[in-house]
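Since the structure comes first, as structure tokens, the remarks are kept for the end.
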Amino acid sequence: MVRTDTPPAGDERSVMMQMLEYVQQTALFKVRGLSEDLARTAPISTSPLTNPASLLNHLRWNEHYWVEVVILGGEDRAPWSEEHPDGELEAGLEVPLQEVIDGYSEQVQLTRTLLADLDFDTEADKVLKDFHPNVRWVVLHLIEETARHNGHLDLLREMADGSVGD
Amino acid sequence: MAASDTPEMFDERSILLQMLRYSQETALGKVRGLSEELARTAPLASSPMMSPANILNHLRWVEASWINEALFGGESVSPTTGDHPDSTFDEGSVLALDEVIRLYEEQARASLAVFAEVDLDMQTLGTSRRGALTARWILQHLIEETARHNGHLDILREMADGSVG
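Top line first, the protein sequences correspond to chains A and B.
First residue of the first sequence? That's 1 in our numbering, and the numbers climb one at a time after it.
First residue of the second sequence? That's 1001 in our numbering, and the numbers climb one at a time after it.
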């Protein structure tokens, strides 16, 4: 898949879905090619779970939560709990890197399929603490959050093996 | 830092403006309160220009360039030249930190004012390697690029003084 932020057309849905795909593909690009060891290395001593594999696993379950639980009202299948609020980060350390990558890639496909049927004005099934989001807001939030984590992955990757790039 | 990403209304322009404002406020929140020295510290040996002050300065020129040049087709305003491709970053090391912050706040307000009014379907007047673009693409791109740099600032700030959030 070509990683690009250039949309096929200039309308709202085309631009937004292309931007989502771009940030998702960038997350994968930043993690692919790392050794098992480097993918699990957390170089910042104050954040021992900030490593590439854990962040990609976080992005996977975060996307599951926003799309399948908040928008569609489905069951929360993420490995986090009250006892293990960072369970999805920890789970990224427990399986081979390829499994983390495959899990994220599958979620990305599922997200695209599920969103394709939804009008951006559709209100989410869940009402959050402060507000009631619609599909449009959730997609923009996923772009923003994934982009910010891509910034983390940029520096983690550079610290891991010196490689850089947009 | 009281930045919120929750808009009052959920139409396209409202959510995009609020998300840009949130990303801008986050960038400012990550840089404010640093000492002059820590704001200029680039902890990655392989990226000696990646300091908080330089990133915030870069973000100001990113907004100015996309709006003035790409959107409205104006002349280049940024300090970037062929000889100094990274001037938007390293200018941040020359200016006082307060000045870097003030100039970013000024640009951030100006950018929000433009996107509050412009037709989001407007075709860009400048040239771009991406071909024809709309105003909405530029607005979304600024959100994406600012958020990604905020990820850099998260880590730089944590390495500078341990603060997170």
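Just so it is clear, CB atoms sit at the ideal spot from N, CA and C, and this is done for glycine as well.
- Taking CB atoms only, ASN1054 of chain B has no neighbour in chain A less than 9 Å away.
- Taking a beta-carbon distance threshold of 9 Å, GLN1140 of chain B counts as an interface residue toward chain A.
- Assignment of ASN1068 of chain B by DSSP, reduced to helix, strand and coil, places it in the helix class.
- With respect to the 9 Å criterion, SER47 of chain A and LEU93 of chain A are not classified as neighbours on the basis of their beta carbons.
- Separation of the CB atoms of ILE143 of chain A and VAL23 of chain A is rounded to 6 Å, and the pair is thereby assigned contact status at 8 Å.
- For LEU1016 of chain B against LEU140 of chain A, the beta-carbon gap comes to about 7 Å, under 8 Å, which counts as contact.
- Under the three-state reduction of DSSP output, GLU123 of chain A falls in the strand class.
- Taken through DSSP and simplified to helix, strand or coil, ASN51 of chain A comes out as coil.
- Using a CB distance cut-off of 9 Å, GLN1123 of chain B counts as an interface residue toward chain A.
- Contact annotation for ASN1150 of chain B against chain A: ARG148 and GLY151 [CB-CB distance below 7 Å, chain order].
- Under the three-state reduction of DSSP output, THR26 of chain A falls in the helix class.
- Between the segment 1108–1126 of chain B and the segment 127–134 of chain A there are fewer than three C-beta pairs closer than 8 Å, too few to call the two in contact.
- Between ARG148 of chain A and GLY1151 of chain B, the beta carbon gap of about 4 Å places them in contact (Cβ cut-off 8 Å).
- Under the 9 Å criterion on CB atoms, TRP66 of chain A is classed as non-interfacial with respect to chain B.
- Excluding residues up to 5 positions away in sequence, GLU1091, GLY1092 and VAL1100 lie with their Cβ nearer than 6 Å to the Cβ of ASN1057 of chain B in the same chain.
- By the CB criterion at 9 Å, SER1065 of chain B and ILE1143 of chain B fall outside the cutoff.
- For THR6 of chain A, the secondary structure class from DSSP, reduced to helix, strand or coil, is coil.
- For GLY1126 of chain B, there are no C-beta contacts with chain A under 8 Å, since the nearest C-beta of that chain is about 15 Å from it.
- Rounded to the nearest whole angstrom, the C-alpha separation of LEU1044 of chain B and GLU1063 of chain B is 25 Å.
- Against chain A, the beta carbon of THR1006 of chain B has neighbours under 8 Å at ASP130 and PHE131, listed in chain order.
- About 16 Å separates the Cβ atoms of LEU1103 of chain B and ARG1040 of chain B, ruling out a contact at the 8 Å cut-off.
- Judged by DSSP in its simplified three-state form, THR1081 of chain B adopts coil rather than helix or strand.
- Within chain B, the residues THR1134, ARG1136, TRP1137 and GLN1140 have their CB atoms less than 8 Å from the CB of VAL15 of chain A, given in chain order.
- Cβ-Cβ distances below 6 Å link ALA124 of chain A to VAL70, ILE71 and PRO133 in the same chain, with the five nearest sequence neighbours on each side left out; the list follows chain order.
- Closest option to THR1146 of chain B, judged by alpha-carbon separation, among B:GLY1033, B:ARG1021 and B:HIS1084: B:ARG1021.
- Counting only Cβ-Cβ distances below 9 Å, GLY1131 of chain B has contacts in chain A at THR6, in chain order.
- The beta carbon of VAL1164 of chain B lies closer than 8 Å to those of ASP1154, ARG1157 and GLU1158 in the same chain, with the five residues before and after it left out.
- Sorting A:LYS126, A:LEU59 and A:GLY162 by C-alpha distance to the C-alpha of GLY74 of chain A places A:LYS126 at the top.
- Looking at B:HIS1149, B:ALA1160, B:VAL1114 and B:GLY1162, the one whose alpha-carbon comes closest to that of THR1026 of chain B is B:HIS1149.
- For ASP1154 of chain B, the residues of chain A that pass the 8 Å Cβ criterion are ARG148, GLY151 and HIS152, in the order they occur in the chain.
- The residue among A:GLU82, A:GLY162, A:GLU90 and A:LEU59 with its C-alpha nearest the C-alpha of LEU20 of chain A is A:LEU59.
- Non-local C-beta neighbours of SER1051 of chain B in its own chain, meaning closer than 8 Å and more than five positions away in sequence, comprise ALA1039, ARG1040, THR1041, ALA1042, GLY1092, SER1093 and LEU1156, ordered along the chain.
- With a contact defined as Cβ atoms closer than 8 Å, THR1134 of chain B and VAL15 of chain A qualify at about 7 Å.
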